[in-house]
Amino acid sequence: MTERSTLLSLSRRRLLITTSVAATALLVATAGFTSAQSADGNGGEITFLIDSLGDTWIPNNSAISSFQGHIWGHVADKLLYVDADGKVSPWIAEKWEQNDTATEFTLHLKSGVTFSDGTALDASAVVANLDIWYAGRKSDGINPIGLFPKTYDHAEAIDAATVKVFFKKPTLGFIPTLGYHGSILISPKTLAQPAAQQADLSKTSGSGPYVVESWKEGDFVKLVKRKDYNWGPAAVGHTGPAYLDTITYKLVSEPSLRVAAVQSGQADVAYNASPQELESLKAEGFTTATPRYLGFVNGWAINTKLAPYNDLKVRQALQAGINRQEIIDTVYTPDWKLATSFIQSNVPGATDQSDLLAYNPEKAEKLLDEAGWVKGADGIRTKNGEPLVLTLHSNPYLATSKSVDELIAQQLGKIGWKVAIRAYDVVTFGQKVKYGGPAVPAYEVTRSFIDAGTVASILTNANNGENWFALDESDKTLNELRDKIASAGSTESRKPLLDGLQKYILDQGYFIPRTQIVQRIYVQSPKLKGEIYNGVAYASYYTATKSE
Numbered sequence: 001m002t003e004r005s006t007l008l009s010l011s012r013r014r015l016l017i018t019t020s021v022a023a024t025a026l027l028v029a030t031a032g033f034t035s036a037q038s039a040d041g042n043g044g045e046i047t048f049l050i051d052s053l054g055d056t057w058i059p060n061n062s063a064i065s066s067f068q069g070h071i072w073g074h075v076a077d078k079l080l081y082v083d084a085d086g087k088v089s090p091w092i093a094e095k096w097e098q099n100d101t102a103t104e105f106t107l108h109l110k111s112g113v114t115f116s117d118g119t120a121l122d123a124s125a126v127v128a129n130l131d132i133w134y135a136g137r138k139s140d141g142i143n144p145i146g147l148f149p150k151t152y153d154h155a156e157a158i159d160a161a162t163v164k165v166f167f168k169k170p171t172l173g174f175i176p177t178l179g180y181h182g183s184i185l186i187s188p189k190t191l192a193q194p195a196a197q198q199a200d201l202s203k204t205s206g207s208g209p210y211v212v213e214s215w216k217e218g219d220f221v222k223l224v225k226r227k228d229y230n231w232g233p234a235a236v237g238h239t240g241p242a243y244l245d246t247i248t249y250k251l252v253s254e255p256s257l258r259v260a261a262v263q264s265g266q267a268d269v270a271y272n273a274s275p276q277e278l279e280s281l282k283a284e285g286f287t288t289a290t291p292r293y294l295g296f297v298n299g300w301a302i303n304t305k306l307a308p309y310n311d312l313k314v315r316q317a318l319q320a321g322i323n324r325q326e327i328i329d330t331v332y333t334p335d336w337k338l339a340t341s342f343i344q345s346n347v348p349g350a351t352d353q354s355d356l357l358a359y360n361p362e363k364a365e366k367l368l369d370e371a372g373w374v375k376g377a378d379g380i381r382t383k384n385g386e387p388l389v390l391t392l393h394s395n396p397y398l399a400t401s402k403s404v405d406e407l408i409a410q411q412l413g414k415i416g417w418k419v420a421i422r423a424y425d426v427v428t429f430g431q432k433v434k435y436g437g438p439a440v441p442a443y444e445v446t447r448s449f450i451d452a453g454t455v456a457s458i459l460t461n462a463n464n465g466e467n468w469f470a471l472d473e474s475d476k477t478l479n480e481l482r483d484k485i486a487s488a489g490s491t492e493s494r495k496p497l498l499d500g501l502q503k504y505i506l507d508q509g510y511f512i513p514r515t516q517i518v519q520r521i522y523v524q525s526p527k528l529k530g531e532i533y534n535g536v537a538y539a540s541y542y543t544a545t546k547s548e
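Here this note's numbering is used: the first residue of the sequence shown is 1, the next is one more, and so on.
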């Protein structure tokens with residue numbers, strides 16, 4: 001009986017795979033995309049299947065998107081290049097200097113660089129970009145870049161190839177942040193356009209190795225290489241035009257269809273496959289990649305204005321009540337790592353705070369008892385007639401988010417929580433779910449950054465910070481750590497302050513880590529080689545080749 005059930009299961013699985021391959025082949029073919037190859041490894045076309053293309057192409061507003069960052073990484077350049085280990089190296093800025101107090105920086109630009117509209121990428125263009133990264137144009141619906149230093153004062157074009165940048169206070173994080181995926185260089189002509197025009201991707205001009213040939217909202221973006229490109233970052237081993245002729249990003253919402261298309265040769269890359277598929281896909285000869293980015297771990301920023309999460313003991317019980325090893329063992333694979341802080345362990349300045357993240361349900365139960373939450377016959381805790389509720393909004397930027405939420409709901413349910421899970425698509429999530437929102441007790445973070453010194457500035461509302469924990473300026477200890485980190489004049493003097501910040505935030509239960517994050521999962525044809533993953537885990541196909 002068992003053998004017959006297994007055979008039936010296998011037959012059904014083969015049928016589903018065959019159906020998926022056929023459906024995806026039809027989908028890709030009807031869109032007019034092919035998976036062209038080149039015998040010598042140069043030229044050729046690739047199709048990258050992705051689960052979303054976000055909700056706006058306004059550069060400042062969309063560069064933060066986990067999805068659109070793929071396109072921006074090929075259409076636009078950055079002043080500096082940051083690799084997967086956080087190493088900073090020249091790109092459009094060939095060299096730089098800073099004063100002793102880290103309040104003034106001088107950037108020396110590569111000559112001969114142009115945007116695709118013919119405008120020179122010179123000092124005045126860089127100043128225009130720095131200004132909008134810092135301030136945005138909020139009256140026109142254009143936002144500042146969230147992690148751009150809030151201490152920015154102004155920048156000046158000294159001559160066509162030299163920019164001097166001034167800060168109100170020491171800002172060690174400025175140089176690394178120039179390699180952040182939001183810090184994309186866009187033509188001043190584009191930046192001057194109204195938001196509605198900037199949202200038209202065909203009207204956006206960058207200086208990158210590819211330009212947009214065609215696009216359709218919610219469907220695809222097709223890039224074609226720029227033949228006069230000759231200013232790639234030396235760190236990737238290539239500076240001239242890209243090898244591949246075109247890259248097409250095609251929206252396919254179903255993960256199994258994306259993977260099936262790569263298996264059948266109808267596409268070259270599938271984004272965000274299920275982690276459990278990776279081992280079998282490797283065994284079949286496909287390339288898989290799970291790069292970690294520099295940034296925050298996956299976890300929750302807690303809204304301290306919402307009861308009962310305004311209670312320290314409840315937040316600490318939440319911290320102790322999550323079995324993080326079970327998340328990795330159940331939802332992920334050994335490619336994923338335990339969170340040891342609220343920032344990734346590969347970030348310079350991260351310290352190991354594992355003791356504060358140990359699974360201890362007995363401690364969690366004791367803390368809730370002390371806070372007055374009494375477990376009823378149904379296992380749910382109540383206080384003053386109200387149940388202990390946690391509403392989670394699964395983050396659509398992370399394919400596994402809902403699965404992790406469901407597992408944590410089981411873990412917390414044993415302690416006495418009643419957990420509700422809500423899942424939205426990317427657009428709706430952006431509209432409904434905000435840090436500190438009135439119905440959002442825990443905001444799930446999937447956020448990269450380049451330099452740990454930028455972290456403290458967004459945690460409160462000072463200097464246009466993002467006020468992650470809805471604390472405003474009420475926590476004097478956090479404010480003091482924030483200000484000392486911001487004013488540190490060297491990385492050495494900043495290290496103990498960053499350690500103190502991590503200890504404090506985790507002990508206060510302001511941030512509840514889940515796992516170190518692998519947000520971007522890639523499954524790739526073995527015929528495609530030479531891609532490079534940068535410090536925020538985006539795959540660049542600028543150096544990639546494709547062969548028979």
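Each residue gets a CB set at the ideal place from its N, CA and C atoms; glycine is no exception.
**Item:** Contact check, residue 414 vs residue 231, beta carbons under 8 Å
**Value:** Here residue 414 is not near residue 231, since their CB atoms are 8 Å or more apart.
**Buried or exposed (CB count within 10 angstroms, at least 16 for buried), residue 282** = Residue 282 comes out exposed.
**Message:** Assuming contact is defined by CB atoms lying nearer than 8 Å, are residue 171 and residue 149 in contact in what I supplied?
**Reply:** Their beta carbons are under 8 Å apart, which means residue 171 touches residue 149 by this criterion.
**Message:** Looking at residue 201: is its Cβ nearer than 8 Å to the Cβ of residue 225?
**Reply:** In this structure, the beta-carbon distance from residue 201 to residue 225 does not fall below 8 Å.
**Message:** Taking contact to mean 3 or more Cβ pairs, one atom from each stretch, closer than 8 Å, check whether the region 487-501 and the region 321-331 are in contact.
**Reply:** Flag = no, the region 487-501 and the region 321-331 do not touch.
**Request:** Using alpha carbons as the reference points, say which of 316, 340 and 348 lies closest to residue 362.
**Result:** Selected option, being the one with the closest Cα: 316.
**Asked** Who are the Cβ neighbours of residue 488 in its own chain at under 6 Å, not counting the five residues just before and after it?
**Response** 494.
**Prompt:** Does the region 381-392 come close enough to the region 203-213 that 3 or more CB-CB pairs lie under 8 Å?
**Reply:** The region 203-213, when compared against the region 381-392, does not touch it at the 8 Å Cβ threshold.
**Prompt:** Is residue 39 buried or exposed, if buried means 16 or more other CB atoms sit within 10 Å of its CB?
**Reply:** Low confidence applies to residue 39: its pLDDT is 42, below 50, so where it sits in the model is not reliable enough to give any reading.
**Asked** Helix, strand or coil: which one does DSSP assign to residue 440?
**Response** The answer is coil: DSSP assigns residue 440 none of H, G, I, E or B.
**Inter-residue Cα distance where the pair is residue 405 and residue 441** = Going by the C-alpha atoms only, they are around 14 Å apart.
**Asked** Would you call the region 412-431 and the region 285-300 touching, i.e. three or more CB-CB distances under 8 Å?
**Response** No, the region 412-431 does not touch the region 285-300.
**Request:** Quick one: residues in its chain with C-beta nearer than 7 Å to the C-beta of residue 176, no 5 flanking neighbours on either side, listed in chain order?
**Result:** The answer, listed in chain order, is 82, 88, 450 and 451.
**Rounded C-alpha distance that separates residue 240 from residue 134** = Spanning the two alpha carbons is a distance of roughly 31 Å.
**Prompt:** DSSP on residue 137, reduced to helix/strand/coil?
**Reply:** Reduced to three states, the DSSP call for residue 137 is strand.
**Asked** Can the beta-carbon of residue 251 be found less than 8 Å from the beta-carbon of residue 53?
**Response** In contact: residue 251 and residue 53 (Cβ atoms closer than 8 Å).
**Asked** If we ignore side chains and look at the alpha-carbon of each, how far apart do residue 287 and residue 526 end up?
**Response** For residue 287 and residue 526, the distance between alpha carbons rounds to 6 Å.
**Asked** Do three or more CB pairs link the region 156-164 to the region 429-449 at distances below 8 Å?
**Response** Under the 8 Å Cβ criterion, the region 156-164 does not count as touching the region 429-449, having fewer than three qualifying pairs.
**Prompt:** If we call anything under 8 Å between Cβ atoms a contact, is residue 552 one with residue 298?
**Reply:** Any answer about residue 552 is impossible in this case: the structure gives the chain only from 1 up to 548.
**Element boundaries [alpha helix (DSSP H), containing residue 261]** = Looking at the DSSP string, the run of the alpha helix (DSSP H) that includes residue 261 is 255-263.
**Item:** Contact set for residue 29: own chain, Cβ-Cβ below 7 Å, skip 5 residues either direction
**Value:** Annotation note: pLDDT 49 at residue 29 (below 50); position unreliable, coordinate value reported separately. Nothing listed; no residue qualifies.
**Item:** Alpha carbon of residue 72 to alpha carbon of residue 184, nearest angstrom
**Value:** Approximately 7 Å, taken between the alpha carbons.
**Prompt:** Using the rule of at least 16 other Cβ atoms within 10 Å of the residue's Cβ for burial, across every protein chain shown, is residue 234 buried or exposed?
**Reply:** The residue in question, residue 234, is exposed, as its Cβ has fewer than 16 Cβ neighbours within 10 Å.
**Request:** Indicate the three-state DSSP secondary structure (helix, strand or coil) for residue 69 in the structure shown.
**Result:** Three-state DSSP puts residue 69 in a helix.
**Message:** Please state whether the Cβ-Cβ distance between residue 236 and residue 545 is less than 8 Å.
**Reply:** No, the Cβ-Cβ distance between residue 236 and residue 545 is not below 8 Å.
**Same chain, Cβ closer than 7 Å to residue 532, five either side skipped, listed in chain order** = Excluding five sequence positions before and after residue 532, the CB atoms of its chain that fall closer than 7 Å to its own CB belong to 236, 540 and 543, given in chain order.
**Request:** Quick one: using the 10 Å Cβ neighbour count with 16 as the cut-off for buried, is residue 99 buried or exposed?
**Result:** By the neighbour-count definition (other C-beta atoms within 10 Å, threshold 16), residue 99 is an exposed residue.
**Prompt:** Under the three-state reduction of DSSP, which class applies to residue 212: helix, strand or coil?
**Reply:** In the structure shown, residue 212 adopts extended strand secondary structure according to DSSP, grouped into three states.
**Prompt:** CB residue 146 to CB residue 380, shorter than 8 Å?
**Reply:** Cβ distance not < 8 Å, so residue 146 and residue 380 don't count as in contact.
**Asked** So, do the region 503-518 and the region 255-264 have three or more beta carbon pairs nearer to each other than 8 Å?
**Response** The region 503-518 is not in contact with the region 255-264.
**Message:** DSSP three-state label for residue 237, please.
**Reply:** Residue 237 falls in the coil class under three-state DSSP.
**Asked** Which of helix, strand or coil does DSSP assign to residue 148?
**Response** Assigned with DSSP and collapsed to three states, residue 148 falls in coil, not helix or strand.
**Assumed close pair residue 516, residue 344 - CB separation to whole angstroms, cut-off 8 Å** = Right, their Cβ atoms sit about 5 Å apart.
**Item:** 8 Å Cβ cutoff met for residue 342 and residue 393
**Value:** Between residue 342 and residue 393, the C-beta spacing is not below 8 Å.
**Prompt:** Should residue 308 go down as buried or exposed, given a rule of 16 or more other Cβ atoms within 10 Å for buried?
**Reply:** By the neighbour-count rule (16 or more Cβ atoms within 10 Å), residue 308 is buried.
**Prompt:** Any idea what DSSP makes of residue 469, helix, strand or coil?
**Reply:** It is coil, neither helix nor strand.
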